[in-house]
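Structure, as structure tokens:
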Amino acid sequence: MGHELAQLADSRRNNLRVVRLVAATAVIFAHSYGLDFGLAAERREPLAALTGIDSGSLAVDIFFVASGFLVGRSLLRGRDPIDFLLSRVLRIYPGLACAVLAMALVLGPAVTTLSLRDYFHDQWLYRFLGFDLTMFIPMRFVPGLPGSFAALPYPSVVNGSLWTLSWELWMYAILLALFMVRALGRAYPAVLVALGLAYGAMALELWHPGANTAIAVRFLAIFHAGVAAWRYRGRITLSWPLLAVLSLAMVVVNVATQSALLLPVWLVYAVLFVSYYPPLVIERWCDGPDYSYGIYIYAYAVQQTLIWRFGPMPVLPHFLLAWGLTMPFAIVSWHFIEEPVLAFKLRLRRGRRSSPAPTIAAE
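The C-terminal position of the sequence shown is numbered 377 in our numbering, with every residue numbered one higher than the one before it.
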């Protein structure tokens with residue numbers, strides 16, 4: 015039996031919080047290979063060995079799909095650019111600022127090989143603060159702090175996960191620009207065709223862009239798969255047979271072309287199916303805290319600190335210990351930073367629209 019996405023997409027009965035939590039956990043698992051044993055070890059991660067796509071990269075793509083769907087919904091339903099900008103800034107920056115400051119002012123001084131005087135006089139500390147607190151220039155992301163973690167298998171990187179936030183912000187900016195020039199209406203199919211052609215040419219290795227262009231095309235394709243799912247939700251039916259057909263097509267095309275050509279289409283459908291298909295929805299987990307962002311912005315630093323303190327360890331113990339030690343940071347981040355800021359955002363929205371505040375949702 016199929017269920018129309020249009021009848022489900024506005025409901026708070028969904029598994030999106032669970033999906034994002036699992037994705038954030040998958041990032042920790044994937045990093046447990048590379049951080050303990052170096053970059054080459056990432057290829058030994060089970061999903062990477064089987065498909066060529068590691069679980070961390072797939073998890074990031076899941077975040078971008080879910081973000082495209084939710085953020086596209088927020089903009090296209092609200093049609094208020096100012097509210098959109100405020101919502102995006104308040105969702106990303108308060109938690110990010112606390113994480114960056116904690117790394118620069120607490121973790122860095124604790125693990126650096128430099129004297130505190132040299133540490134606080136080093137220009138890279140202020141580059142870290144300047145670029146990672148703003149996060150709007152992907153090419154200027156600074157992953158390390160002076161004298162920190164230089165001897166680890168994945169050296170001199172304090173928090174490598176944060177680089178995707180710059181691209182997330184650019185996805186928001188490009189989406190807003192498309193909205194402002196009315197390219198999300200009748201012209202949107204042309205935008206999707208252009209993105210599809212660029213992504214397809216890159217996936218099939220007919221086009222070999224530079225590294226940053228390749229990242230931009232990948233994220234744009236994944237993000238706008240989510241936006242398009244919201245935009246055309248009335249034409250999407252969630253059903254087991256369709257999921258099976260898309261999954262089979264994904265595997266066949268992957269084997270035949272040695273590429274992830276159908277990944278954006280398959281991933282958005284799979285994520286929305288798991289999130290919204292009524293028999294799969296876990297009612298008691300539909301509302302409540304959303305710890306996924308906190309896990310994402312703190313886990314890498316926790317993992318590097320574990321290796322700095324105890325040395326490389328087997329993947330499973332590292333993963334379990336890192337997840338357990340990251341959760342308190344995520345819990346504090348949600349309850350004392352993210353949730354109060356979201357409540358503040360809703361008060362601002364109520365003041366601007368003179369209407370009752372809705373239930374808090376981590377858009």
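Positions of the beta carbon are idealized from the N, C-alpha and C atoms, including for glycine.
In this text the structure is predicted, and so the values were computed from the model without any measurement.
Per DSSP, C300 lies in no alpha helix (DSSP H) segment and is marked neither H nor E.
The C-beta distance from Y133 to G144 rounds to 16 Å, too long to meet the 8 Å contact threshold.
With a beta-carbon spacing of about 42 Å, I96 and F333 fall beyond the 8 Å limit used to define contacts.
A residue is called buried when at least 16 other Cβ atoms come within 10 angstroms of its Cβ; Q318 meets this threshold and is buried.
Residue range Y202 to A217 is occupied by the alpha helix (DSSP H) that includes Y213.
Taking G82 as reference, the option from C112, V241, G161 and A215 with the minimal CA-CA separation is V241.
The criterion of a C-beta distance shorter than 8 Å is satisfied by V33 and V285. Looking only at Y305, A217, R298 and L22, the smallest Cα-Cα distance to R87 is reached by L22. Residue environment for S25: exposed (fewer than 16 other C-beta atoms within 10 angstroms of its C-beta).
Counting other Cβ atoms within 10 Å of its Cβ, L211 stays below 16 and is therefore classed as exposed. H349 sits in a helix when the DSSP states are folded into three classes. The residue from L256, L183, Y168 and P255 with its alpha-carbon nearest to that of G325 is Y168. The closest CA to that of T148, considering only P303, S180 and A124, is found on S180.
Under DSSP, no beta-bridge partner is assigned to L110. Where I76 is concerned, the enclosing alpha helix (DSSP H) starts and stops at S69 to G92. If you draw a straight line from the Cα of Q272 to the Cα of Y213, it is about 14 Å long. Counting other Cβ atoms within 10 Å of its Cβ, P160 reaches 16 or more and is therefore classed as buried.
For F155 and P328, the gap between their C-alpha atoms comes out near 30 Å.
As DSSP reads the structure, T251 sits in a beta bridge with E18. With a beta-carbon spacing of about 4 Å, S253 and G16 fall inside the 8 Å limit used to define contacts.
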